[in-house]
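First residue of the sequence shown? That's 330 in my numbering, and the numbers climb one at a time after it.
All C-beta atoms, glycine included, are put in the ideal place defined by N, C-alpha and C.
What follows is one structure encoded as structure tokens, with my remarks underneath.
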Amino acid sequence: MTVRSETENTGDMELLNLSSLDMDSDAILADTIHYHSRMLGRRTVRRQEHFLYQALVHATRDRLMERWIETSNLLQGRHGKRACYISLEFLMGRLLRNALLNLDITEQAGEALGRLGVDLEDIHEQEHDAGLGNGGLGRLAACFLDSCATIGLPVIGYGLRYHFGMFRQRLENGRQMEEPDSWLREGYPWEIERIERARVIKFGGRVVRIRDSMARTHVDWVDTHDVLAIPYDLPIPGYKNDIVNTLRLWSAAATDEFDLEEFNAGSYTDAVAAKNEAENITMVLYPNAETDSGRELRLRQQYFLVSASLQDILHDWVLQYGPDLGQFANKHCFQLNDTHPAIAVPELMRLLMDDHGLGWDDAWKITTSTMAYTNHTLLPEALETWPVALFEQMLPRVLEIIYEINARFLSEVSLRWPGNLDILGSMSLIQETPEKIVRMAYLAIVGSFSVNGVAELHSRLLQKGLFRDFAGLWPHKFNNKTNGVTQRRWLAACNPGLARLITGRIGPGWVTDLDQLERLKPLADDAGLQEEWRAVKHANKARLADDIHTRTGIYVNPETLFDVQVKRIHEYKRQLLNVLHAVHLYDRIQRGDGDGLPPRTIIIGGKAAPGYEMAKNIIKMINNVAAVINTDPAMRGRLQLIFYPDYNVSGMELICPAADLSEQISTAGKEASGTGNMKFMMNGAVTIGTLDGANVEIREAVGEENFFLFGLTVDEIPAVMEDYDPQSIIDTDEDFARVMRLLDNGHFNRFEPHVLDEVLEAVRDTADPWMTAADFRAFIDAQESAGMAYQDQQHWTRMSILNTASSGRFSTDRTMRDYNRDIWGLDEIPVNTS
Ligand code: 62N
């Protein structure tokens, strides 16, 4: 290792020429043993051991570290533009398997452990999921980072290091119980604390204006309660390209100089105890439903993330380029993951004006040419708002700026629509309800140069519906970026059997160019491929069956059709419709009408927000129906229903390779995109679904003959809703009536009267926004077709192969190129493909 000259402006000495570490199994073994004994102080190794996992992570991390430093140096020297993906959630899951894959040392690591008599798979099991997200939105952010590193985009993720991530789900008598997720308890070997980059975040206090000797007014935000933001960096390796990007997660800590006054007044212990309040900010991830109501701590989290991240970027700017911010907007873009970080708009204004001395117009130009907003929901009730009063006391200076943004925006509106007071009221950033509230989505739209939805249908509906007036005012801002998933995690790593089979037929290019899967199309009827394809699926189903047995004690049969719905539990996603179908199959088999049906295992998994009663009732219903079905001798070998407990990222890595049928059955117009639908498709599941979210594009890509479509369309729904009468639908459908009779009669809640009442009432509600009854018949018929199709295994395998072969478009590599082309405009890092 040699010491090199000073860096450009900082005067720091730079240590360069890190000797690069060997990547062979000997070197990995030696380093793993080194960490195991020298750092962790262990004398012996066991097969299933956390310390060995930690030691292997350290050995792996060393190999990432040299590439990480190289990547930072490269970026620093290039003076190029960078994007920041700001998100309250990054649902990373486990990192080891992905790191080994991307470093191309999976085999070497396996061999190294093999020599210790240890199976690498057992070591993977030791890793705790980093569950810093709720569902699709958080996992999307994680897939984006993988793709950016792989295609060489200089993108940094900014998020929060929650002490407790997504809760663990346990079932007690079929009901969801939440337990804290202590993912940091045994230490988290992937993170690097960067205490030297800590920032101070201000809360509370008041705003004062000071005139200087030049008669200029300065705004000061004083008497604040300050909290320290400490960054922890995670490495984000690209696939075999020596690039390592960064995910920077902020953790809250008390400032050392906390509450000097109290300290001096003698209440030393009170002052020290105040530490707690500061550290609360990043204590826990909010396990939110699609709706949220004004929780103070949540707003604190949002501001804490945004202020720390923007300060971090501005600090680096000044270090590298000095105080002139003239070129700042040419070198930065901030992508806001939903409205959760929308407070970045007024916060960047504040930092530019109050800390960096810019005037309003210059600051506004920079803000509105660097901010871009992604929307993830069409549910109007899920649009985030915050009480003005809360802003007033927590972030008084930020509120002033929001008011000023609004005043200037509304004068633009009145120029466009002179004399139209209604539109002023409906577009205002402040909703003048008795309790005044800030509309965060509108703030995000006004402050951004780009507003995108996450699937074609979703983006279209946003412009026609929720954001119609804004789309009229600024059509150029609105665009679509259809979601994707990373095929490295969601095919190469989680389905090694299928990955090997595909690579054997078409070569390995698909791992970084998913469109190459198209080359499978001509082979869809190849008998040899078909046979191997089925064998891989069967092995994956056996693997999942083992996991289900471990989790539930129930044996499921890999020979049956695996019919899978895993996602957050929400009424709009209609797990209820799926259960109604399960009851229908149960009824058919009971009445002796089940002979044409393929044996089927229905698997449902997902978490309900702890405060979402209806979602929790649906979980209870699934489990009650399952208990009856799974113990009825008449169902044996014909039908099973499994509730998969504690569904998370690692669960999906076992589930999606094993699915035959993918349930994507939301009420049309409610699911923004969906991404589980893409993971299933990529792994050869056939979709049964509505024309909602990205299902529309999936069906277009695979062809209508390879997709089981059902249900009302977005355009049909309003007319049907006019005189919607679920009871008359039930009464005129013999199968539906029988299903409801079983449920009404307490067949599934024999000794628990009324536990299903709310759910059954919801089905019959003439105002049921999810229109479960309206789609019952169509769903049952589509399921019938799917079942029939499955009986012809050659035909089914052809559909399965064509689904994988058509999934190229749903890679986040494509999604990220779209963002970069239309929004970010970054230069790709030249990739080392040696
Ligand atoms: C999903 F504000 N959204 C979409 F705190 N939201 O439902 C899905 F209340 O259709 C998309 O495919 C996916 O985003 C990716 O675009 C989603 O996952 C949340 O997790 C969420 C979290 C917090 C809130 C609201 C929603 C909060």
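Using a Cβ-Cβ cut-off of 8 Å (strictly less than) and excluding sequence neighbours within five positions of L687, which residues of its own chain qualify?
Here residue 687 is taken as the residue at index 358 of the sequence shown, counted from 1. Within the same chain, L687 has close Cβ partners L654, L681, I695.
Quick one: what does DSSP say I530 is sitting in, helix, strand or coil?
Within the sequence shown, residue 530 is the residue found at index 201, counting from 1. In the structure shown, I530 falls within a strand segment according to DSSP collapsed to helix, strand and coil.
Taking contact to mean at least 3 C-beta pairs separated by less than 8 Å, is the segment 838 to 856 in contact with the segment 1128 to 1138?
The segment 838 to 856, when compared against the segment 1128 to 1138, does touch it at the 8 Å Cβ threshold.
Within 6 Å: the Cβ of G1003 and any heavy atom of the ligand 62N?
Here residue 1003 refers to the residue found at position 674 when the sequence shown is read from its first residue. Because some heavy atom of the ligand 62N lies under 6 Å away, the Cβ of G1003 counts as near it: yes.
P962 versus G370: straight-line alpha-carbon distance, rounded
Position 633 of the sequence shown, counted from the first residue, corresponds to residue 962. Position 41 of the sequence shown, counted from the first residue, corresponds to residue 370. For P962 and G370, the distance between alpha carbons rounds to 54 Å.
Per-residue DSSP class, three states only, for W746:
Position 417 of the sequence shown, counting from 1, holds the residue named residue 746. Coil, per DSSP.
My understanding is that L906 touches T668, with C-beta atoms under 8 Å, so please give their C-beta distance in whole angstroms.
As a working note, residue 906 is residue 577 in the sequence shown. As a working note, residue 668 is residue 339 in the sequence shown. Contact check for L906 and T668: beta-carbon distance about 29 Å, past the 8 Å limit, so the pair fails to qualify.
Quick check: the segment 940 to 949 against the segment 916 to 932, are at least 3 beta-carbon pairs closer than 8 Å?
Segments in contact, no.
Using the Cβ count rule (16 or more neighbours within 10 Å means buried), how would you classify V332?
If you number the sequence shown from 1, residue 332 lands on position 3. With a pLDDT of only 40 at V332, under 50, the local geometry of the prediction cannot be trusted, and no value is derived from it.
Put P1047 into one of helix, strand or coil per three-state DSSP.
Residue mapping note: residue 1047 aligns to position 718 of the sequence shown, counting from 1. Three-state result, P1047: helix.
Sorted by chain position, which residues of the same chain lie with C-beta nearer than 6 Å to R396's C-beta, five sequence neighbours on each side aside?
As a working mapping, residue 396 is identified with position 67 in the sequence shown. Within the same chain, R396 has close Cβ partners D571, V573.
Taking only heavy atoms of the ligand 62N into account, decide whether any of them is closer than 6 Å to the Cβ of H705.
As a working mapping, residue 705 is identified with position 376 in the sequence shown. H705: yes, Cβ under 6 Å from the ligand 62N.
Please look up how many angstroms separate the CB atoms of A1023 and N1006, rounded, as I've assumed it's under 8 Å.
As a working note, residue 1023 is residue 694 in the sequence shown. As a working note, residue 1006 is residue 677 in the sequence shown. The pair is a contact, with the Cβ atoms about 6 Å apart (cut-off 8 Å).
Could you tell me the alpha carbon to alpha carbon distance between R1143 and F473, rounded to whole angstroms?
As a first step, residue 1143 is located in the sequence shown; it is residue number 814 there, counting from the start. As a first step, residue 473 is located in the sequence shown; it is residue number 144 there, counting from the start. Rounded to whole angstroms, R1143 to F473 spans 10 Å at the Cα level.
Proximity of A673 and V635 at Cβ, strictly below 7 Å:
In the sequence shown, counting from the first residue as 1, residue 673 sits at position 344. In the sequence shown, counting from the first residue as 1, residue 635 sits at position 306. Contact: yes.
Span separating the alpha-carbon of E1034 from that of N812:
As a working note, residue 1034 is residue 705 in the sequence shown. As a working note, residue 812 is residue 483 in the sequence shown. The C-alpha of E1034 lies about 23 Å from the C-alpha of N812.
Evaluate contact between the segment 403 to 413 and the segment 540 to 554, counting only Cβ atoms and requiring at least three cross-stretch pairs below 8 Å.
The segment 403 to 413 is not in contact with the segment 540 to 554.
Please find out if some non-hydrogen atom of the ligand 62N comes closer than 6 Å to the beta-carbon of E900.
In the sequence shown, residue 900 corresponds to position 571, counting from 1. Incorrect: E900 has no Cβ contact closer than 6 Å to the ligand 62N.
Among W512, H457, D1121, which has the Cα closest to the Cα of R863?
Start at 1 with the first residue of the sequence shown, and residue 863 comes out as number 534. Nearest option by C-alpha distance: D1121.
In the DSSP assignment, what residue or residues form a beta bridge with M506?
If you number the sequence shown from 1, residue 506 lands on position 177. The beta-bridge partner set that DSSP reports for M506 consists of R499.
Per DSSP, what kind of secondary structure is N808 in: helix, strand or coil?
Reading the sequence shown from its first residue, position 479 is the one you call residue 808. When secondary structure is reduced to three states using DSSP, N808 falls in the strand class.
Using only CA atoms, which one of L739, L648, D975 lies nearest to R880?
Taking the first residue of the sequence shown as position 1, residue 880 is located at position 551. The candidate whose alpha carbon is nearest that of R880 is D975.
State yes or no: is the C-beta of E1000 nearer than 6 Å to some heavy atom of the ligand 62N?
As a working note, residue 1000 is residue 671 in the sequence shown. It does: the Cβ of E1000 is within 6 Å (strictly closer) of some heavy atom of the ligand 62N.
Given D1147, which residues of its chain have a CB within under 8 Å of its CB, disregarding the five upstream and five downstream residues?
Position 818 of the sequence shown, counting from 1, holds the residue named residue 1147. Hits under 8 Å: K810, T811.
State the start and end residues of the unbroken alpha helix (DSSP H) segment that holds L557.
What you label residue 557 is simply residue 228 of the sequence shown in a count that begins at 1. For L557, there is no enclosing alpha helix (DSSP H); the residue is part of the beta strand (DSSP E) that begins and ends at 554 to 566.
Are the Cβ atoms of V780 and F807 separated by less than 7 Å?
Residue numbering aside, residue 780 sits at position 451 when the sequence shown is read from its first letter. Residue numbering aside, residue 807 sits at position 478 when the sequence shown is read from its first letter. Contact flag set, yes.
Going by the DSSP bridge assignment, what does M943 pair with across the sheet?
Reading the sequence shown from its first residue, position 614 is the one you call residue 943. Bridge partners of M943: none, in fact.
Between C823 and E982, what straight-line distance do the alpha-carbon atoms span, to the nearest angstrom?
Your numbering for residue 823 matches position 494 in the sequence shown. Your numbering for residue 982 matches position 653 in the sequence shown. One Cα belongs to C823, the other to E982, and the distance between them is close to 5 Å.
Does the distance from the CB of S1129 to the CB of G1013 come in under 7 Å?
Locating residue 1129 in the sequence shown gives position 800, counting from the first residue. Locating residue 1013 in the sequence shown gives position 684, counting from the first residue. Between S1129 and G1013, the CB-CB gap stays under 7 Å.
Does the segment 1035 to 1047 come close enough to the segment 1092 to 1099 that 3 or more CB-CB pairs lie under 8 Å?
Segments in contact, no.
If we count the other Cβ atoms within 10 Å of its Cβ and call it buried at 16 or more, is V647 buried or exposed?
As a first step, residue 647 is located in the sequence shown; it is residue number 318 there, counting from the start. So V647 counts as exposed.
For H387, which three-state DSSP category applies?
Position 58 of the sequence shown holds residue 387. It is helical.
V783 CB to nearest heavy atom of the ligand 62N below 6 Å
Counting from 1 along the sequence shown, the entry for residue 783 is found at position 454. Checking the Cβ of V783 against the ligand 62N gives yes.
Would you call the segment 475 to 490 and the segment 417 to 433 in contact, with 3 or more CB pairs under 8 Å?
Here the segment 475 to 490 lies against the segment 417 to 433, with 3 or more beta-carbon pairs under 8 Å apart.
Q1056 burial status per 10 Å Cβ neighbour count (16 or more: buried)
Position 727 of the sequence shown, counted from the start, is the residue given in the question as residue 1056. Answer is exposed; the Cβ neighbour count stays below 16.
What would DSSP say about S777, mapped onto helix, strand or coil?
The residue you call residue 777 lines up with position 448 of the sequence shown. If DSSP states are grouped into helix, strand and coil, S777 belongs with coil.
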